[in-house]
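**Student:** Got a structure for you, written out below as structure tokens; questions coming shortly.
Residue numbers (our numbering): -3 to 105.
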């Protein structure tokens, strides 16, 4: 089965932040500014993150999960730092030893 390819035109126009939000440039804000009001230009400068429904639509083009503006940061699954990783591995080893000892104890009688 062939690999899924991400939409290259979309990738050239957006930036995905570390938290999974989609940053983009607004339309109508780059040239021919002289006839536009300053209020309109200020509005075009603000809020350059995609809303949740737009980010969801973009997920299908990029074949990856995105967060969107309305989703909480707690939803994100973060990779553990090295100290947390060592602690998790030690807990996993201890649980495996305990399970092996319990199995050995039940197998002896």
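Each residue gets a CB set at the ideal place from its N, CA and C atoms; glycine is no exception.
Look at the alpha carbon of residue 16 and the alpha carbon of residue 56, and state the distance between them as a whole number of angstroms.
**Tutor:** Distance between the alpha carbons of residue 16 and residue 56: 15 Å.
**Student:** I think residue 147 touches residue 19, with their Cβ atoms under 8 Å apart; what is that distance to the nearest whole Å?
**Tutor:** The structure shown has nothing for residue 147, since the chain only spans -3 to 105.
**Student:** Suppose you measure from the CA of residue 101 to the CA of residue 90; what does that come to, to the nearest Å?
**Tutor:** Cα to Cα, residue 101 sits roughly 16 Å from residue 90.
**Student:** So who's on the other strand from residue 120, going by DSSP bridges?
**Tutor:** The structure shown has nothing for residue 120, since the chain only spans -3 to 105.
**Student:** Taking buried to mean at least 16 other C-beta atoms within 10 Å of its own C-beta, is residue 58 buried or exposed?
**Tutor:** By the neighbour-count rule (16 or more Cβ atoms within 10 Å), residue 58 is buried.
**Student:** From what residue to what residue does the alpha helix (DSSP H) around residue 34 run?
**Tutor:** Run containing residue 34: 34 to 41, per the alpha helix (DSSP H) assignment.
**Student:** Select from -2, 14, 4 and 35 the residue whose C-alpha is nearest the C-alpha of residue 61.
**Tutor:** Nearest option by C-alpha distance: 14.
**Student:** Could you check which residue in 0, 64, 70 and 43 has the C-alpha nearest to that of residue 106?
**Tutor:** Nothing can be reported for residue 106: it is not among the residues displayed for the chain, which extend from -3 to 105.
**Student:** Apart from the five residues just before and just after residue 9, which ones in its own chain have a Cβ nearer than 8 Å to its Cβ?
**Tutor:** Excluding residues within five positions, the ones whose Cβ falls inside 8 Å are 20 and 21.
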